[in-house]
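Everything on this sheet refers to the single structure shown next.
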Ligand SMILES: Nc1nc2c(ncn2[C@@H]2O[C@H](COP(=O)(O)OP(=O)(O)O)[C@@H](O)[C@H]2O)c(=O)[nH]1
Ligand SMILES: [Mg+2]
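Residue numbers (the numbering used here): 1187 to 1633.
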């Protein structure tokens, strides 16, 4: 049985014989833990992506720890002075957090582990309070807290302010189990308390279940006692009162019972899912950058080659050897190796489509664009630069089309090669590519 469940049982005064319910198998955190271990050990994640996301990977390690150890992380959230630290202490049964400290400078969640109870796996996370935080900082804090906790207790000491309602919404959006607690119940009459609880239930109506809204007194004010003895002498003293957090403990236990370690599993799963998406995006970006570099190298090679050795425009697309070499390299970038003949066939498909487009759509206009901005004089250089620029442009188109084919897992998609190539042509800014090419070529020819 998970140690934190034992701990919660102790808290509520309900005992069960230790070892009475032994887990059938020790699956070390279950399937989510297994997928986290997979993510941590995935050899296909490039080292630079891993390095740029090291903080996230550390968090995955923490979550894995938590899953394997079956810890339950409970965060207290709310305004300064609502009694978050006092409530944390009451749950822990010891003074782990400073109470009554106004506006500490802490901006990060200050997590305190139980020493003895830490082994029991119930971890309370105290937070600095949301007053004076702007909307954005408040959201950030809420997300940070949600990320490290399995369950959030939102502590208020009266009706909710606007900022508290915003924060409650943000927390609810993280899909963590959320309890809404009215603290300092000892300050209110029964009627006042019921009225306030009803207000809180209304505010939380779509965010928190009715039964998850309750009143507690984490650190009730001492009772003033006046005693008059037999001789009529009055004696006054303050009698400390024990915390009244029974309702909250019962609720925590019920949720813990109901969801058990799946709580941590769900949260870890959500985070790992987000992380996997981010890793995917970074890998895609990194690959695209490398691919752009490869395409540019071949653009320069082709353009300079053509410029030094002009060929008729119609033949530009036929000089396919370089293109095939480029496509082989692009295949490597995308982790989908192509043989030389596969890549030759791919280039042939693309150039056939390009040739059709060139003839049908641009023709003369394209040549005019290539010549634009080149001042006369050295007509040979002008023609060479224009032709080189066209070669460059053709290489970009071929490279981008091949890239698209590779990204889709070696497929042209449902609309086929013709449409895919036409999309690439339409999506690229022809004139700026030609301009860049001419400048680059002229720079190189002048050298
Ligand atoms: N009357 C009463 N006062 C409380 C209760 N809980 C906390 N307080 C007081 O509220 C103040 C703020 O408590 P604290 O836990 O430091 O609030 P935090 O800023 O949310 O961490 C302290 O002076 C506590 O003594 C309670 O249940 N009843
Ligand atoms: Mg505090």
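The beta-carbon is built from N, C-alpha and C at its ideal position, and this holds for glycine as well.
Worksheet entry | Through-space distance from residue 1536 to residue 1325, alpha-carbon basis | 49 Å
Practice prompt. Identify which residue in 1441, 1630, 1515 and 1385 has its Cα closest to the Cα of residue 1481.
Written response: Closest in alpha carbon position to residue 1481, among 1441, 1630, 1515 and 1385, is 1515.
Discussion item. Can you look up residue 1579 in the DSSP assignment and give me helix, strand or coil?
Written reply: helix
Fill in: Rounded separation between residue 1579 and residue 1337 - CA only
Computed Cα separation, rounded: 56 Å.
Item to complete: Let me know the beta strand (DSSP E) ranges lying completely inside the stretch 1391-1438, each 3 residues or longer, listed in chain order.
Response: 1399-1401, 1409-1414 and 1420-1425
Worksheet item: Grouping DSSP H, G and I as helix and E and B as strand, with all else coil, what is residue 1601?
Response: coil
Worksheet item: Does the distance from the C-beta atom of residue 1309 to that of residue 1405 stay below 8 Å?
Response: no
Discussion item. For residue 1338, list the residues DSSP reports as bridge partners.
Written reply: 1261 and 1364
Discussion item. Beta-carbon within less than 6 Å of residue 1467's beta-carbon, same chain only, minus the 5 sequence neighbours each way: which residues are those?
Written reply: none
Discussion item. For a test of your reading of the model: does the CB of residue 1270 fall under 7 Å from any non-hydrogen atom of ligand 2? Yes or no.
Written reply: With a cutoff of 7 Å, residue 1270 counts as near ligand 2, since its C-beta is closer than that to a heavy atom of the ligand.
Item to complete: Measure the C-alpha to C-alpha separation of residue 1470 and residue 1520 and round it to an integer number of angstroms.
Response: 9 Å
Discussion item. Just to confirm, is the Cβ distance from residue 1610 to residue 1586 under 8 Å?
Written reply: yes
Worksheet entry | Euclidean distance between Cα positions of residue 1443 and residue 1256 | 13 Å
Practice prompt. Return the chain-ordered list of same chain residues with a C-beta closer than 6 Å to the C-beta of residue 1353, the five sequence neighbours on each side being excluded.
Written response: Around residue 1353: 1316, 1324 and 1328.
Worksheet item: Among 1342, 1618, 1417 and 1225, which residue has its Cα nearest to the Cα of residue 1246?
Response: 1225
Worksheet item: Mind checking whether the beta-carbon of residue 1406 lies closer than 7 Å to any heavy atom of ligand 1?
Response: yes
Worksheet item: What's the call for residue 1465, buried or exposed, on a 16-neighbour Cβ count within 10 Å?
Response: buried
Practice prompt. Less than 8 Å between the CB atoms is what I'm expecting for residue 1371 and residue 1401, so what's the real figure, rounded?
Written response: 4 Å
Discussion item. So for residue 1250, helix, strand or coil by DSSP?
Written reply: helix
Practice prompt. Please work out which residues of its chain come closer than 7 Å, Cβ to Cβ, to residue 1355, disregarding the five sequence neighbours upstream and downstream, and give them in chain order.
Written response: Taking residue 1355 as the centre and dropping the five residues before and after it, the same chain places the C-beta of 1393 closer than 7 Å to its C-beta, in chain order.
Worksheet entry | Sequence-distant residues of its chain with Cβ nearer than 6 Å to residue 1387 (five each side left out) | 1396 and 1399
Worksheet item: Is there at least one non-hydrogen atom of ligand 1 closer than 7 Å to the beta-carbon of residue 1369?
Response: yes
Discussion item. With distance defined between alpha-carbon atoms, name the residue in 1278, 1261 and 1313 nearest to residue 1364.
Written reply: 1261
Discussion item. Taking its Cβ as the centre, do 16 or more other Cβ atoms sit within 10 Å of residue 1623, making it buried, or is it exposed?
Written reply: Counting other Cβ atoms within 10 Å of its Cβ, residue 1623 reaches 16 or more and is therefore classed as buried.
Item to complete: Return helix, strand or coil for residue 1627, following the three-state DSSP convention.
Response: Helix, per DSSP.
Worksheet item: Under the rule that 16 or more other beta-carbon atoms within 10 Å means buried, what is residue 1542, buried or exposed?
Response: exposed
Item to complete: Report whether the distance from the Cβ of residue 1372 to the nearest heavy atom of ligand 1 is below 7 Å.
Response: yes
Discussion item. Quick check: the Cα distance between residue 1283 and residue 1591, rounded to an integer number of angstroms?
Written reply: 58 Å
Practice prompt. Could you have a look at residue 1616 and say whether DSSP puts it in helix, strand or coil?
Written response: helix
Practice prompt. Flag residue 1283 as yes when its Cβ comes closer than 7 Å to any non-hydrogen atom of ligand 2, and as no otherwise.
Written response: yes
Fill in: Nearest residue (CA-CA) to residue 1486, options 1266, 1625 and 1313
1625
Practice prompt. Apply the 10 Å Cβ neighbour rule to residue 1333 and answer buried if 16 or more other Cβ atoms are within range, or exposed otherwise.
Written response: buried
Worksheet item: Between the C-alpha atoms of residue 1615 and residue 1594, what's the straight-line distance to the nearest angstrom?
Response: 22 Å
Worksheet item: Is DSSP giving residue 1353 helix, strand or coil here?
Response: helix
Fill in: Through-space distance from residue 1507 to residue 1599, alpha-carbon basis
Looking at the two C-alpha atoms, the distance is approximately 26 Å.
Item to complete: Please find out if some non-hydrogen atom of ligand 2 comes closer than 7 Å to the beta-carbon of residue 1343.
Response: Outside the cutoff, so no.
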